[in-house]
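Position 70 of the sequence shown, counting from 1, maps to 51 under our numbering, and the rest follow consecutively.
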Amino acid sequence: MSSMIILLIALALLAIPPVLIMNLPPRWLALAAPAGVLAMYWLGHIMTEGDLGPAGILIMGFFSLIFFINAIALAFRLLRL
């Protein structure tokens, strides 16, 4: 049961769209970036059960792509582009 709660929290944190990141105040931005990294770790660990096989690599690759897109949005936000 607790792993399901962690999974839901991780999904919610990973679903932060880049548009929201572009409009967050700096205080919330400082919380959202580390939370996204932690959520990616939790979700990857839960979905692969600690064993990265071919499916685990695909799952981690998908969430790494989401994290990369959010990192670009964060960089644009910090550089004010």
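Glycine residues also receive a C-beta, built at the ideal position from the N, C-alpha and C atoms.
Same chain, Cβ closer than 6 angstroms to residue i, five either side skipped, listed in chain order
i: Met(-18); result: Bear in mind that a pLDDT of 49 at Met(-18), under 50, signals an unreliable position, so the model cannot answer this.
i: Leu60; result: none
i: Leu46; result: none
Residue of the options minimising C-alpha distance to residue i
i: Met41; options: Pro6, Tyr22, Pro15 and Ala54; result: Tyr22
i: Phe44; options: Phe57, Ile27, Asn4 and Pro7; result: Ile27
Residue-level contact to chain D via CB, residue i, 9 angstroms cutoff
i: Phe44; result: No chain D is part of this structure, which consists of one protein chain only.
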